[in-house]
Each structure stands twice: as C-alpha cells, then as structure tokens.
Amino acid sequence: MTHKLIIKQEDPFEVIESNLQLKTHEIQEAFNDFHKILDSKLKSILVEINTLYNQQREKVEVKHNQIEELNSSKTMITDPSLRNILVQIDKQILELEQEIHVTKEPIINWNTNLLENAVNNIVDIYFPGEQSIARTLSTSSLELKPTPSQSVTKTNFKPIVRGYENGQVLSPSGLCIDRNTDQIFIADRGNDRVQVYKNSGEHIMFVKDKDLANPNRIAIDRKFLYVACAVNSYVIPPSRKINSHLAKIDKEDGEIQSILPLEGTMLRICTNPVLSASTRLFCASLSDSKLVQGYDSAFRLISSTLLQSPYYDQYTQIYDIRVHEHELFALYHNSRYPLQVFGADGKILRCVQLSHRLVNADFLCIDSFRSYIVISDGGSSQVKVFTFSGECIAVIGKDGEIPAEFEKPWGVDMDQYGNIFICDNKSKSAVHMFEGPF
C-alpha cells in the first residue's frame, strides 16, 4: 500500500503575524528596560538640580542681606558733605544686584539640556538608530518640575476652613505668599488678625493686636509683613477722609514693630521688588485713587506721585497696585481700561488690553518668573490668568475653564511653583488652591 506524503505549507501571513508579535514583544521589553534606566537617571539628575538650586539660592540670600545692610547704612548718612559716600554705596548695591542677576540666570535651560543629554546618551547605548525618537521624547514629553517633596499639589493642600477657632479664617481679604519660605499670610477681617500657614494648609500662628482691627490688605518683603487696616469704604463714603493705619510686623515672631497713621479708606499696598530702591512700600487708597505714596522701611515718606491717566473720572476707583521692574500696575473699577501701567513719574505708559472682560476685579498678583498677571474678579466669581500682553490663558471659577467651588474670590497670589491660592468670602472653605503652572 502506497502512502502519499502530504507536506503542509505554512501560511505566509501567519508567519509574518507570528514574527510581528515576537518583535513587538521584544520591543516592548526593550522599552520597559529603557524606561527603568531613564527613571533612575532622571532621579539622580533631579537630585543634582535641587542641590545646585539650593546652592544658588544661598548665594542670592547672602547678597540680599548685604544689600539690606548697605541700604540701612544710607539712612544714617544725613550730612550733605558725605554725598560721595552715598554714591559709593549705591555703586556697591548696583554691583551686588548685577551679581544676583547672574546668579539667578534661568536655571531651567541647562536643566533641560541635562535631561535631553541623559536621554540621548541612554538611547545611543541601548537603542542605536532610535535617537530621533528619543530626542523627540526628551523635548516634548518630559517636563522638568520640582521633586514631589518641594512641589505643592491640589491633593495635599488642606483647605482652610471658615470660622472663629484657632487656624480658621472668618473673612479673608488680602493674601500673599513668601517665596523664600512658601508661607501663606492672610488678612482675616472677621477675626481682626493675620493668619500664617504652610503651603500645605497647616496653621503656623496668628497675629492679633488692638492695632490690627479690620486688616484689609497685606504685603511682605524679606523681613517684614505690612498690614493695612481701615474702616470699610462701603460704610463710609469715599469722599470722607477717615483714620487708617499701616502696621509693620516681624515675620519671624509676629511682633508689631511700628504703626503709621494715615488718612484714607481701604488702603491698597504693595512692596517694592527693587532691592536697591529706598522706597520699600507703596500705598494708595479709595479716597484718592490718583495718589500713590512711597515709604522706606522706617515708614518715612519718600515720594508722593499723582497717576496721570486719561481714563480716570470721578467714579474711577483704584483697587490694587503692584510694582514690576520699576513700573506700577494699577487695577481699577469703573474705568474703560481696568489694568493700567505707570512709570515712576506717574505718567501712563500703557493700558493692558485684556482679552477677557473683568466685571469687578478686586485683587491683583504678578508672577515675574512666568510673566503672568492673576486677577480675582469678584463680579464674575472667577480668577483669571493673563500674559503680560493681556491674553487670557486660564479662567478659574463659575463658567470658567477650570471648575471651582468658590463664590466670592478676593485676595490672590501665586507661589514659586505656579500654584494659585485664592481667598473666598462666601463658601465653606476660606482659602482654595489650584495646581499650576497654567
């Protein structure tokens, strides 16, 4: 009996599919190994970056202290014949500021280069021929941020509750963040005190004194906290001058250092970021929305400047001020242009053409590092983030791009990581945090 040998031929498509699955599995394993190596490399690089950042920060801190000492020495020289000494001191301060500028050159650029080089080196060794993919990955998918221990996220921020108890805030108004310590300072009008918190929402201390009745606005510099206390302008007509005052408080121990009595309703204040300048604090008020006065660290009047704007009338009211690179940003109610910029002589430089309408904006914050302008608009129950050119890049709140639970946003500030902290005068939580950068 003859048997016919039948040879079964393999389906070429099955062979291709089998090889493809095998190759896919090999590629997947290779990329898994690659990601493990990359994660390890990135962790070591971030440790190196954080170490270098802290070293640079310490150098800047030393130079800031030297500048403050020189500024203090200037106030002690009153003899006109010693003017040449003042010139020499100003020269030293200028040199120190230039050194600070060099020390604080954007570290992010060479950090990014470190990451790109690390990715490319790993790929060149383990995946020859795939460099273009890795370089695309390193430039488009990797985002350098502080390590989790340094960064604030929405999940680990404990909302600050409204109330009368220790650590609670009843009626928050002004808010500011110390970018050296990440501490949050809040003017609590309802409890007549200033509250201090960590950026996690943990309560640190409060400052309460008979001279802190109805604290409205606050500002900080490297050593002191400045608090503006005034009678509410909604009760007293803006045309009537009433007694208000500024309080200077030591940030470390909460002790009031000095009090400056003033006339005006609802004072608006901000500190001067230009360290070499004698003027440390600027102040305006609703009772005279054209006048901005400057004071030194001892509360001595240095300047009185009339803001010259063609968009000002009897109904225009100034609601907040900030100084950025020798320019004064003023936020107005009842003006065609709610955000205007002035020079040191009071002349208007420009109006910021905001791409998103403001209803009744109350508080302003400027993030110089990211070139952001953040405005809390109580009239629309929103907080809006703009670029310096006026383009709106984010809206937080009712009908905004980013959901929010607040109803009446007031004080607002941004920390060094780009997170936005917002005071709320109506909802259960007195302070909210929204994770950035935006």
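When you line the sequence shown up against my numbering, it's residues 90 to 527, in that order. Built from N, CA and C at the ideal position, the CB exists for glycine as well. Predicted, not measured: the structure shown is a model, and the values here were computed from it.
Separation of residue j from residue i, as counted between CA atoms
i	j	result
Asn508	Gly479	20 angstroms
Gln388	Arg425	Here the sequence assigns Phe to residue 388, which means Gln is not the residue at that position. Approximately 34 angstroms between the Cα atoms of the pair.
Ala450	Arg278	19 angstroms
Asp310	Gly435	23 angstroms
Ser393	Met522	36 angstroms
Glu494	Tyr315	30 angstroms
Val258	Asp122	51 angstroms
Ile116	Lys125	14 angstroms
Glu232	Glu414	Below a pLDDT of 50, predicted positions are generally treated as unreliable, and Glu232, at 34, falls in that range; the measurement from the model is reported next regardless. Cα-Cα distance, rounded: 28 angstroms.
Asp502	Ile455	8 angstroms
Leu375	Ser133	53 angstroms
Gln403	Ala308	28 angstroms
Glu150	Asn160	15 angstroms
Phe246	Val430	34 angstroms
Glu490	Asn154	42 angstroms
Lys517	Trp499	15 angstroms
Ala433	Pro261	31 angstroms
Asp298	Lys340	15 angstroms
Glu157	Ala483	37 angstroms
Asn269	Ser470	30 angstroms
Ile437	Leu417	9 angstroms
Lys148	Leu141	11 angstroms
Gln145	Glu184	17 angstroms
His422	Val363	27 angstroms
Ile410	Glu344	26 angstroms
Environment of residue i [buried if 16+ CB atoms lie within 10 Å]
i	result
Ala419	buried
Arg357	buried
Leu453	buried
Gly468	exposed
Ile174	exposed
Pro350	exposed
Asp504	buried
Arg439	exposed
Pro532	Outside the displayed range of the chain (90 to 527) lies residue 532, so it cannot be described from this structure.
Leu395	exposed
Pro399	exposed
Phe458	exposed
Cys512	buried
Asn361	buried
Leu109	exposed
Asp342	exposed
Lys152	buried
Leu111	exposed
Ser333	buried
Whole-angstrom C-beta distance between residue j and residue i, which should lie under 8 angstroms
i	j	result
Ile301	Arg282	Position check: residue 301 holds Leu in this sequence, whereas Ile was assumed. With a Cβ gap of about 6 angstroms, Leu301 and Arg282 count as contacting.
Cys530	Val412	The requested residue 530 is not part of the displayed model; the chain covers only 90 to 527.
Lys497	Lys515	4 angstroms
Phe527	Val474	5 angstroms
Asp385	Thr405	About 29 angstroms; that fails the 8 angstroms criterion.
Proximity to residue i [Cα-Cα], best of the options
i	options	result
Val472	Asp122, Pro492 and Gly252	Pro492
Cys481	Ser386, Ala336, Asp513 and His445	His445
Ile464	Arg439, Phe510 and Ser378	Phe510
Thr476	Glu157, Ile485, Ser470 and Ile462	Ile462
Ser162	Ile178, Lys152 and Asp342	Ile178
Leu380	Glu147, Tyr401 and Ser367	Tyr401
Ile485	Ser460, His334, Gly525 and Lys517	Gly525
Glu352	Glu184, Asp342 and Gln382	Gln382
Asn303	Ser470, His292 and Ala317	Ala317
Ile391	Leu370, Gln397 and Ile410	Leu370
Lys180	Ile410, Asp409, Ala366 and Gln397	Ala366
Residue i vs residue j beta-carbon contact at 8 angstroms
i	j	result
Asp466	Leu447	yes
Gln284	Phe313	no
Val296	Ile266	no
Ile249	Ala519	yes
Ile348	Ser378	no
Met355	Ala319	yes
Ala276	Asn255	no
Tyr253	Asn288	no
heavy atom of the ligand FAD below 7 angstroms from residue i C-beta
i	result
Ser424	In the structure shown, the ligand FAD is absent, as is every other ligand, since no ligand is present at all.
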